[in-house]
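If you count by the numbering used here, then the sequence shown holds residues 182 to 358, one letter each, in order. By construction, the Cβ of each residue, glycine as well, lies at the ideal position given by its N, Cα and C atoms.
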Amino acid sequence: MLDRDEAVNYYLKAAKLNPALAFSHASIDLRAGRLAIKKKKYNKAIEILELASNYDRDSAENHFLLATAYYKTKQFTEAEEMYLKAIETDPENFSNYINLGYLYLDIDKFSNAERRFNQAIDLKPSESALYGYALALSGQNRPEAQKAWDDFLSRFPKSRWAEKVRSQLRQINERTQ
């Protein structure tokens, strides 16, 4: 019996030999790509999802998954491009903005990150969006960072990030005294 990895490899070979097969099974590509990401096999996910994107260029989910795989392999330019395509295709999905915001934090584009987190917050003021927003403000040494951290703690006092936030607030208070 084949394991999932072998099945994915056979599917990729078949899709390369018969491109119509890949188009007719686009949902299989997405599932296989998602599975590869879950197993942290990001290069395999890229291979699968790039194949899928050749046949379904308007899939926001494919753009998002491909961006995630690129991001995990530190291919930041490609990840940014795919997150932007995901946003263009599905502008109501706040996760696209959040992940692009975290990518921008990783490459020290703090004002870009702030903008993307603001867009996510407008759609849904989630824990991850508010945390990223405060990080973006802190990265720019903006005075509004303290208010953003306070706001985060008031909304999510039991967050997994709460201790880090309290530490950030202590540092801000030490700098301002």
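Contact check, residue i vs residue j, beta carbons under 9 Å
i	j	result
LEU232	TYR264	no
ALA226	ARG238	no
PHE291	GLN321	yes
ASP331	LEU350	yes
LEU304	GLU273	yes
Distance, residue j Cα to residue i Cα
i	j	result
ARG296	GLU259	20 Å
TYR312	ILE229	32 Å
PRO324	VAL346	15 Å
SER348	ALA213	40 Å
PRO306	ALA343	16 Å
ILE209	LYS328	45 Å
Nonlocal neighbours in the same chain, by C-beta distance under 7 Å from residue i, ignoring five residues either side
i	result
GLU308	PHE337, SER340
LYS266	HIS244
ASP271	ALA241, ASN277
ALA326	ALA315, LEU318, SER319, ILE353
Own chain residues within Cβ distance below 6 Å of residue i, not counting five before or after
i	result
LEU334	VAL346
ILE301	Here the sequence assigns Ala to residue 301, which means Ile is not the residue at that position. Answer for ALA301: PHE275, TYR278, ILE279, ALA310, listed in chain order.
LYS194	none
Whole-angstrom C-beta distance between residue j and residue i, which should lie under 8 Å
i	j	result
LEU281	GLU261	7 Å
LEU246	ILE268	Not really, about 14 Å apart at Cβ, beyond 8 Å.
ASN293	THR254	The Cβ separation is near 21 Å, so there is no contact.
Residue-level contact to chain B via CB, residue i, 9 Å cutoff
i	result
ALA301	The structure shown contains no chain B; it holds only a single protein chain.
Own chain, CB closer than 8 Å to residue i, minus 5 neighbours either side, in chain order
i	result
MET182	With a pLDDT of 42 at MET182, under the threshold of 50, the modelled position of that residue is not reliable, and the figure given next carries that caveat. Around MET182: no qualifying Cβ.
PHE257	TYR251, LEU284, ASP287, ILE288
GLN358	none
LYS221	LYS253
Cβ-heavy atom distance, residue i to the ligand NAD, below 8 Å
i	result
LYS253	The model depicted lacks the ligand NAD and carries no ligand whatsoever.
message: At 4 residues or longer, what runs of the alpha helix (DSSP H) sit wholly inside the segment 247 to 320?
response: 257 to 270, 275 to 287, 291 to 304, 308 to 320
- request: Report the residue ranges of all alpha helix (DSSP H) runs contained in full by the segment 206 to 239; include only those spanning at least 4 residues, in chain order.
  value: 207 to 219, 223 to 236
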